[in-house]
Every structure is written in structure tokens, then in C-alpha cells.
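Single-structure report; data block below.
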Amino acid sequence: MDKNRKVHQFKNPVLNWIEFRLPIISYFKKEYGDYPMPKNCNYFWSFGALATITLVTMIVSGIFLAMNYTPHTDMAFDSVERIMRDVNYGWLMRYIHSNGAAFFFIIVYIHIVRAMYFGSYKYPRELNWILGVFIFLLMMATSFLGYTLPWGQMSYWGATVITNLFSAIPFIGEGLKTWLLGDYNVGNATLNRFFALHYVLPFVIFGVVGLHVAAVHVHGSNNPDGIDIKTNNDSVNFFPYMLIKDTVAMCAFGVAISAVIFFGPNLMAEVDNYIPADPLVTPAHIVPNWYLAPFYAILRAVPDKLGGVLLMFGAIVILFVLPWLDRSKVRSCNYRPIYKWFMMGFFVNFFALGYVGMLPAEGLYLLIARVGLLYYFGFFFIITPFVGWIEKPSKLPLSISDVYAKNIAPNIGGGEKGIPSPAMQKDTNL
Amino acid sequence: MAKKPKNKRRDFLQLSTVTLGAVGTAAFIWPFLKSMSPAEDTLAAGSTEVDISAIEEGQSITIKWRGKPVFIKKRTKDEIDAAQMVQASDLRDPQDDADRVQKEEWLVLVGVCTHLGCVPLGQKVSDMKGEYDGWYCPCHGSHYDTSGRIRKGPAPKNLDVPPYTFLNDNTIKIG
Numbered sequence: 005m006d007k008n009r010k011v012h013q014f015k016n017p018v019l020n021w022i023e024f025r026l027p028i029i030s031y032f033k034k035e036y037g038d039y040p041m042p043k044n045c046n047y048f049w050s051f052g053a054l055a056t057i058t059l060v061t062m063i064v065s066g067i068f069l070a071m072n073y074t075p076h077t078d079m080a081f082d083s084v085e086r087i088m089r090d091v092n093y094g095w096l097m098r099y100i101h102s103n104g105a106a107f108f109f110i111i112v113y114i115h116i117v118r119a120m121y122f123g124s125y126k127y128p129r130e131l132n133w134i135l136g137v138f139i140f141l142l143m144m145a146t147s148f149l150g151y152t153l154p155w156g157q158m159s160y161w162g163a164t165v166i167t168n169l170f171s172a173i174p175f176i177g178e179g180l181k182t183w184l185l186g187d188y189n190v191g192n193a194t195l196n197r198f199f200a201l202h203y204v205l206p207f208v209i210f211g212v213v214g215l216h217v218a219a220v221h222v223h224g225s226n227n228p229d230g231i232d233i234k235t236n237n238d239s240v241n242f243f244p245y246m247l248i249k250d251t252v253a254m255c256a257f258g259v260a261i262s263a264v265i266f267f268g269p270n271l272m273a274e275v276d277n278y279i280p281a282d283p284l285v286t287p288a289h290i291v292p293n294w295y296l297a298p299f300y301a302i303l304r305a306v307p308d309k310l311g312g313v314l315l316m317f318g319a320i321v322i323l324f325v326l327p328w329l330d331r332s333k334v335r336s337c338n339y340r341p342i343y344k345w346f347m348m349g350f351f352v353n354f355f356a357l358g359y360v361g362m363l364p365a366e367g368l369y370l371l372i373a374r375v376g377l378l379y380y381f382g383f384f385f386i387i388t389p390f391v392g393w394i395e396k397p398s399k400l401p402l403s404i405s406d407v408y409a410k411n412i413a414p415n416i417g418g419g420e421k422g423i424p425s426p427a428m429q430k431d432t433n434l
Numbered sequence: 672m673a674k675k676p677k678n679k680r681r682d683f684l685q686l687s688t689v690t691l692g693a694v695g696t697a698a699f700i701w702p703f704l705k706s707m708s709p710a711e712d713t714l715a716a717g718s719t720e721v722d723i724s725a726i727e728e729g730q731s732i733t734i735k736w737r738g739k740p741v742f743i744k745k746r747t748k749d750e751i752d753a754a755q756m757v758q759a760s761d762l763r764d765p766q767d768d769a770d771r772v773q774k775e776e777w778l779v780l781v782g783v784c785t786h787l788g789c790v791p792l793g794q795k796v797s798d799m800k801g802e803y804d805g806w807y808c809p810c811h812g813s814h815y816d817t818s819g820r821i822r823k824g825p826a827p828k829n830l831d832v833p834p835y836t837f838l839n840d841n842t843i844k845i846g
């Protein structure tokens with residue numbers, strides 16, 4: 005042990021006592037007090053904090069739901085109805101949890117859109133992006149497992165369809181499916197293990213979120229102009245400025261989610277899930293949760309079982325390599341006149357895929373899904389590498405302060421034409 | 672590799688320790704993985720005997736066998752003809768009708784779509800039966816013919832035929 009280690013001194017002797025034994029006070033002061041945030045960050049940068057708060061809310065409401073839930077095929081549906089009718093505030097716990105899941109995805113999708121548009125995934129935050137995609141994958145798995153638990157018709161048939169995806173794998177598929185289900189079809193063994201996994205995965209997510217946050221704190225947050233902090237003039241301390249800003253965002257979010265929980269708690273629910281699961285009758289129209297619908301649309305757009313499954317998983321896996329597909333050094337799409345529009349097109353396309361994913365796969369809807377599928381993969385494999393190569397980015401500001409200075413003296417930030425401004429060069433000595 | 676002879680002993684010890692550790696870990700993990708496979712009572716799910724005397728021609732019933740729906744259909748002459756006329760080589764999963772039935776009027780199928788496991792429609796008179804007048808899976812639009820063979824849509828294989836025997840003219844034992 006290093007005897008010469010410098011111990012932070014605080015006025016409060018209790019803090020000093022703790023700090024000497026576990027330097028956690030100085031850690032929090034550094035990471036959440038003095039932590040420098042680019043001063044140009046807009047409200048898009050509040051969605052990470054919102055996602056964290058939602059995760060905690062989901063874990064807490066989930067634990068209380070688990071106290072009254074019974075993971076058995078004969079009792080699961082009734083135990084959920086009992087939570088709704090008889091358990092004190094059970095309805096509130098359940099509506100917080102079910103709508104919280106939907107809002108969690110809304111927040112995370114906006115968080116991802118922000119990272120893509122402003123190029124947060126680029127050097128030096130690639131690992132941060134990878135951890136984020138990993139969290140997104142875990143979230144999708146967790147929400148799927150959770151959706152099975154009420155044991156309604158959509159729960160049962162959703163679980164059947166998704167677990168059958170694995171049977172598409174050649175040779176080992178059927179065996180793998182049976183192993184995952186613990187039975188030849190979705191049954192009590194399946195429900196039990198889904199409950200166990202649904203309980204534990206959020207804590208895994210929590211752990212990866214910890215890594216995700218730790219990783220972003222190494223190089224600091226990106227910002228709407230995609231340039232690095234150079235001087236103290238470019239940043240503000242997290243406390244109190246960003247904390248207050250995040251609090252404002254949290255209040256707005258609270259209003260939005262409360263409006264749904266109290267006035268439209270079933271807006272995003274499927275009617276069929278209020279019918280108990282029946283293994284002999286498939287609902288006429290199996291609908292995934294809206295937040296998984298874009299990927300479901302991709303699955304159905306392919307007229308081949310294995311092909312559909314591969315493309316659906318491929319649509320998620322491709323996200324992992326986005327930092328290496330994009331060859332442009334300019335982060336923010338605000339300074340990328342061509343790619344900007346393709347990027348917005350990608351968001352619109354993803355939305356369209358989600359829309360047709362909720363509708364029957366036939367006629368025009370199927371055509372839209374197929375065009376959407378082409379654009380989705382074309383965006384990653386062709387547009388992203390190619391545009392980065394031919395595009396001439398707009399002139400970047402010299403520094404973050406310069407963004408504001410330009411409003412007064414328009415020419416301050418202008419370097420000579422053709423010479424990249426210093427801000428475009430990699431700067432790691434933050 | 673080790674240049675000095677005295678390192679060989681150390682290499683051997685390292686290698687054997689790591690190997691033993693790996694084998695031990697795998698042996699420890701195996702019971703946990705295996706515990707997720709279907710349990711003995713699940714595997715032992717027995718056979719089911721069905722009385723088919725009440726089924727009219729053209730009618731079809733659904734029974735539950737090992738948790739799955741099984742369709743038992745008494746086919747009409749037209750349906751049998753339609754099934755037999757098809758060239759097996761034209762099909763995605765080539766199979767003659769004769770290989771799928773024991774008695775040509777009785778068709779027994781596992782009623783689980785081979786795409787993603789939904790139960791196809793076609794058991795009720797009012798159901799959609801698809802373009803080949805057999806079964807139609809509403810989930811992703813697979814069409815099956817009057818022999819339960821895949822004709823159109825994303826499913827890769829024909830509807831499974833479960834193991835069954837005729838105990839007598841009026842009773843089928845499935846499983």
C-alpha cells in the first residue's frame with residue numbers, strides 16, 4: 005500500500021474518516037461535482053441521466069411486483085390480475101413497470117439517435133458505444149422475458165415465435181430451442197426460467213451501465229458541435245449546472261410518463277394479452293411490442309426462415325461496428341452537409357419499419373418493409389463508408405467557446421479555406 | 672518454448688494446472704447447463720388415445736398431445752385427390768401424400784407451423800384455409816395443402832406427422 009498517497013481533506017471530520025479508508029467522497033466529487041461538461045450540450049444530453057433513473061425505477065417497481073407474482077402457468081395470469089385488483093397500489097406498480105418499459109425504450113432510442121447524429125460513437129468513444137449497444141441488447145432480451153410473465157395470449161405466442169427463431173439455426177437449432185424452453189414447447193419450465201432471468205438481467209444491465217458511464221467520463225461527453233474541450237472556457241462543472249439541467253428534463257419526463265400511467269395506461273398494451281394463454285389457439289395477429297417492431301419487420305420482410313433470422317440479428321450486430329464503418333473524422337452531422345440527410349433518412353426509415361412491423365406482412369406493408377430493410381443495411385454498408393469518403397465537411401469552430409463567439413464576430417473562427425481547423429485534429433490531452 | 676531445462680518442469684506444472692482447472696470448471700458447469708433441458712417427467716409425457724368415430728367426413732378435430740395441438744382430419748374425396756395429384760418434386764419439402772398418411776382418409780398432423788411455431792388456421796369451417804385449401808398460418812402467412820405440406824410462405828418444412836397407430840377403426844393412439 006502506498007503510504008504517501010495524498011488524502012483529500014474535507015472540513016467534515018466524518019467525511020475525512022471515510023475518505024481515508026475508502027476514497028469514495030473524492031471520487032464522487034471528481035466524477036459528479038467538478039466533472040467538466042461541454043457548455044454547449046443541449047437537452048439531448050439529458051437522456052443518459054433519464055435512462056439511468058428509468059432503470060432504477062424499473063428495478064424498484066419490478067421487485068415489488070415480484071413480491072406478489074407467481075411464476076406458474078396455472079397461476080401467473082391470475083396473480084397479475086390480483087396485483088391489479090387486490091394488492092394495495094398493485095395497479096400503480098404494474099402500470100409504472102409496463103409503461104416504464106416503453107418509456108425506457110423511447111429514452112434509449114433518443115439517446116442512440118443523439119449518439120449517431122452527433123457522432124458520439126467515434127474516436128475516442130468507440131468502446132463506450134459498444135457497451136451501449138450491449139446494454140440495448142440486454143434491454144431487448146429483458147423486455148422480451150418480462151412480456152412473457154403475465155401469461156396472456158400475446159405473452160405465450162410472442163415467446164413461442166421468438167424462441168422458434170433459434171430453431172432456424174441449422175443442425176443444432178431444434179435442440180437449442182428445446183434446451184432454452186426446457187420443454188418441447190413454451191410451458192411451465194419456460195415461464196419459471198424466464199422469471200428468474202427477467203429478475204437478474206436488470207442487475208447485469210446496471211453493471212454494464214456503470215462501465216458505460218465510467219467510460220464516458222474518461223474522455224468526457226461529446227457535444228452538438230462534436231469538438232473537444234480545449235480550455236476551461238469550453239466547459240461547465242456538472243454540479244450544479246448539468247445536474248439542474250437534468251433535473252428540468254426529469255420533471256418534463258415525469259409529466260409525460262405520469263400522463264400515460266394515469267390517463268392511458270393501456271395505450272401501448274395489446275388487448276389480446278388480457279386473454280389467458282391458450283396453447284391451442286394462436287391470435288389472428290401476433291404483434292410485438294412497438295419498441296421491437298422495426299426488427300420484427302425485418303424478420304418478416306425476408307421470405308426465408310434462416311435468412312430472416314440472420315438479418316434481424318444482423319440489424320443489431322451491425323451497430324457494434326458502426327465506429328469503423330464511418331470513415332469521417334468529423335463527429336457532428338451539423339458539419340456534414342450530405343451525411344446529415346442520410347442520417348435523418350435512417351431515423352425516418354427505422355420509424356417506418358416499426359410502423360409496418362405492427363401491421364400484417366402483406367401487400368404494401370411488406371413492400372415498405374423490404375425497401376426499409378434495404379435502406380437499413382445500405383445505410384451502414386454503403387452510405388456510411390462512402391459518404392465519409394466523398395463528403396467535404398463544413399468548417400468546424402476552433403473551439404466550443406468559438407461557437408458562441410461567432411454570433412458576435414462571424415470571422416473569428418474561420419480558418420483558411422482547405423486547411424482543417426485545429427479543432428478537427430485529434431486532441432487527447434483533455 | 673523453454674530454453675533452459677529447468678523451465679520445462681515449470682511449464683509442465685503450469686500446463687497441467689490450467690488443464691485440470693479447465694476440465695474441472697467444465698465438469699462443474701455441465702450439470703447447470705443440463706438442468707435446463709427437459710426434465711424426466713416432461714420427457715415421460717405419455718401417449719394419447721383418441722376416439723375418432725364421431726368425426727364426419729371433411730371435419731377436423733384438435734387434441735392436445737405433449738402440450739401441442741394435433742390435428743386429426745377425415746378428408747373428403749376431393750381433398751385426397753388434390754393431395755395425391757401433386758408432384759412431390761415440385762414441393763419445397765418433397766413428400767408424397769402416401770408417405771404422410773396410414774389410411775388415406777385420415778390425416779394426422781402436429782398443428783404447429785414449422786416457421787415460428789404458431790397454430791395454423793383451418794380447423795374450423797369459418798377459418799381461412801389458405802390458397803391450397805388446407806391450413807393457413809396467420810402469423811407470417813404460410814399456406815399448407817390438404818396433406819399439410821408447405822406450399823407458399825416462409826415456413827421451411829411440411830407440418831409434422833406425429834407417431835400414431837390405429838388401435839382399431841375408431842381409435843387412434845398418438846405417441
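Protein sequence lines correspond, in order, to chains A and B.
Read in this note's numbering, the first sequence has 300 at position 296, and its numbers run on one by one without any break.
Read in this note's numbering, the second sequence has 697 at position 26, and its numbers run on one by one without any break.
Glycine is no exception: its CB is placed at the ideal position from the N, C-alpha and C atoms.
Practice task
Flag T194/A as yes if its beta-carbon sits less than 8 Å from any beta-carbon of chain B, otherwise no.
Solution key: Here residue 194/A is taken as the residue at index 190 of the first sequence, counted from 1. Cβ-Cβ to chain B under 8 Å: no for T194/A.
Problem - Exposed unless 16 or more other CB atoms sit within 10 angstroms - verdict on N277/A - result: Counting from 1 along the first sequence, the entry for residue 277/A is found at position 273. Classification of N277/A: buried, given that the 10 Å Cβ count is 16 or more.
Problem - DSSP beta-bridge partners of L780/B - result: Taking the second sequence and counting its residues from 1, the one referred to as residue 780/B is at position 109. BP columns for L780/B point to F742/B.
Exercise for the section: Return the CA-CA distance between M41/A and P228/A, expressed in angstroms with no decimal places. Expected result: Numbered from its first residue, the first sequence carries residue 41/A at position 37. Numbered from its first residue, the first sequence carries residue 228/A at position 224. Answer to the nearest angstrom: the Cα atoms are 12 Å apart.
Problem - Buried versus exposed call for V783/B [16 or more other C-beta atoms within 10 Å across all chains shown] - result: As a first step, residue 783/B is located in the second sequence; it is residue number 112 there, counting from the start. The residue is buried, with at least 16 neighbouring Cβ atoms inside 10 Å.
Handout entry: P298/A: CB within 7 Å of a non-hydrogen atom of the ligand FMN
Key = The model depicted lacks the ligand FMN and carries no ligand whatsoever.
Practice task
Classify N226/A as buried or exposed, calling it buried when 16 or more other Cβ atoms lie within 10 Å of its own Cβ.
Solution key: Residue 226/A sits at position 222 when you count from the first residue of the first sequence. Buried, because 16 or more other Cβ atoms sit within 10 Å of the Cβ of N226/A.
Practice task
Establish whether the CB of D187/A and some CB of chain B are separated by less than 8 Å.
Solution key: Taking the first sequence and counting its residues from 1, one reaches residue 187/A at position 183. Among the CB atoms of chain B, one or more fall inside 8 Å of the CB of D187/A.
Exercise for the section: Assign M756/B to one of two classes, buried (16 or more other C-beta atoms within 10 Å of its C-beta) or exposed (fewer than that). Expected result: Position 85 of the second sequence, counted from the first residue, corresponds to residue 756/B. When all chains shown are included, M756/B counts as exposed.
Exercise for the section: State yes or no: is the C-beta of W155/A within less than 8 Å of the C-beta of P280/A? Expected result: For the purposes of this step, residue 155/A is taken as residue 151 along the first sequence, with counting starting at 1. For the purposes of this step, residue 280/A is taken as residue 276 along the first sequence, with counting starting at 1. Taking 8 Å as the Cβ cut-off, W155/A and P280/A qualify as a contacting pair.
Exercise for the section: Tell whether a beta-carbon distance below 8 Å holds between G177/A and S171/A. Expected result: Here residue 177/A refers to the residue found at position 173 when the first sequence is read from its first residue. Here residue 171/A refers to the residue found at position 167 when the first sequence is read from its first residue. In contact: G177/A and S171/A (Cβ atoms closer than 8 Å).
Handout entry: Inter-residue Cα distance where the pair is F350/A and G382/A
Key = Translated into positions along the first sequence, residue 350/A becomes position 346. Translated into positions along the first sequence, residue 382/A becomes position 378. Distance from the CA of F350/A to the CA of G382/A, rounded to the nearest whole angstrom, comes to 10 Å.
Handout entry: Under 7 Å by beta carbon: chain B residues contacting N270/A
Key = Sequence index remark: in the first sequence, residue 270/A carries index 266 (1-based). The premise fails here: N270/A is roughly 23 Å from chain B at the closest Cβ pair, so nothing lies under 7 Å.
Exercise for the section: Can you check the region 104-170 of chain A for any alpha helix (DSSP H) of at least 4 residues that lies completely inside it and give the ranges in chain order? Expected result: 130-152, 157-168
Practice task
Could you confirm whether any beta carbon from chain B is found closer than 8 Å to the beta carbon of I290/A?
Solution key: Along the first sequence, one-based indexing puts residue 290/A at 286. Yes, its Cβ sits closer than 8 Å to a Cβ of chain B.
Exercise for the section: Could you give the DSSP three-state label for K33/A: helix, strand or coil? Expected result: Against the first sequence, residue 33/A aligns to sequence position 29. In the structure shown, K33/A sits in a helix (DSSP, three-state: H, G or I).
Practice task
Using 10 angstroms around the beta-carbon of H289/A, count the other beta-carbons present and answer buried if the total reaches 16, otherwise exposed.
Solution key: As a working mapping, residue 289/A is identified with position 285 in the first sequence. Exposed: under 16 other Cβ atoms inside 10 Å.
Exercise for the section: Give a yes or no on contact between the region 41-61 of chain A and the region 99-114 of chain A, applying the rule of three or more CB pairs nearer than 8 Å. Expected result: With contact defined as three or more Cβ pairs closer than 8 Å, the region 41-61 of chain A and the region 99-114 of chain A are in contact.
Problem - DSSP three-state assignment for K828/B, whether helix, strand or coil - result: Position 157 of the second sequence, counting from 1, holds the residue named residue 828/B. DSSP places K828/B in coil when its eight states are reduced to three.
Practice task
Take the Cβ of Q794/B as the centre, count every other Cβ of all protein chains shown within 10 Å, and call the residue buried at 16 or more, exposed below.
Solution key: The residue given as residue 794/B occupies position 123 in the second sequence. Residue environment analysis places Q794/B among the buried positions, since at least 16 neighbouring C-beta atoms fall within 10 angstroms of its C-beta.
Exercise for the section: Put L837/B into one of helix, strand or coil per three-state DSSP. Expected result: On the second sequence, residue 837/B is found 166 positions in, with the first residue counted as 1. Note on identity: in this sequence residue 837/B is Phe, with Leu being the wrong assignment. Reduced to three states, the DSSP call for F837/B is strand.
Practice task
Give the residues from the region 710-731 of chain B that approach chain A closer than 8 Å (Cβ to any Cβ), ordered along the chain.
Solution key: A710, T713
Handout entry: Residues that C808/B bridges to, as DSSP identifies them
Key = Taking the first residue of the second sequence as 1, we reach residue 808/B at position 137. Paired residues: S813/B.
Handout entry: 4-residue-minimum alpha helix (DSSP H) runs that sit fully inside the region 324-359 of chain A, ordered along the chain
Key = 326-329
Practice task
Just the chain A side, please: which residues come within less than 8 Å of M756/B by C-beta, in chain order?
Solution key: As a position in the second sequence, residue 756/B is number 85, starting the count at 1. For M756/B, no chain A residue has a Cβ inside 8 Å of its Cβ, as the nearest lies near 26 Å away.
Exercise for the section: Identify every residue that forms a DSSP beta bridge with W912/B. Expected result: Absent from the structure is residue 912/B, since the part of chain B shown begins at 672 and ends at 846.
Exercise for the section: Just the chain B side, please: which residues come within less than 7 Å of N273/A by C-beta, in chain order? Expected result: Your numbering for residue 273/A matches position 269 in the first sequence. First, the amino acid is wrong: residue 273/A is Ala here, not Asn. The premise fails here: A273/A is roughly 20 Å from chain B at the closest Cβ pair, so nothing lies under 7 Å.
Practice task
Mind checking who K748/B pairs with in its DSSP beta bridge?
Solution key: Within the second sequence, residue 748/B is the residue found at index 77, counting from 1. Answer is none; K748/B lacks a bridge partner.
Practice task
Just the chain A side, please: which residues come within less than 7 Å of G788/B by C-beta, in chain order?
Solution key: Against the second sequence, residue 788/B aligns to sequence position 117. For G788/B, the residues of chain A that pass the 7 Å Cβ criterion are T164, V165, N168, in the order they occur in the chain.
Handout entry: W183/A at chain B interface by Cβ criterion, 8 Å
Key = To locate residue 183/A, count along the first sequence from 1; it is residue 179. Interface residue, yes.
Practice task
Under 8 Å Cβ to Cβ from P825/B, same chain only, skipping five residues before and after it: list those, please.
Solution key: Here residue 825/B corresponds to residue number 154 of the second sequence, with the count starting at 1. Closer than 8 Å at Cβ, skipping near neighbours: H786, H811, G812, S813.
Exercise for the section: Find the nearest neighbour of I726/B within the set A754/B, T747/B, L704/B, judged by alpha-carbon distance. Expected result: To locate residue 726/B, count along the second sequence from 1; it is residue 55. Comparing alpha carbon positions, the residue from A754/B, T747/B, L704/B closest to I726/B is T747/B.
Exercise for the section: Could you list the residues in the region 734-764 of chain B with a C-beta less than 8 Å from some C-beta on chain A, going in chain order? Expected result: K735, R737, G738, K739, P740
Problem - Contacting positions in the region 796-820 of chain B - beta carbon closer than 7 Å to chain A - result: P809, C810, H811, G812
Problem - Test: P825/B CB closer than 8 Å to a CB of chain A - result: Residue mapping note: residue 825/B aligns to position 154 of the second sequence, counting from 1. Answer yes: the Cβ-Cβ gap between P825/B and chain A drops below 8 Å somewhere.
Handout entry: Within 8 Å, strictly: CB atoms of A145/A and L96/A
Key = As a first step, residue 145/A is located in the first sequence; it is residue number 141 there, counting from the start. As a first step, residue 96/A is located in the first sequence; it is residue number 92 there, counting from the start. For A145/A and L96/A, no; Cβs fall outside 8 Å.
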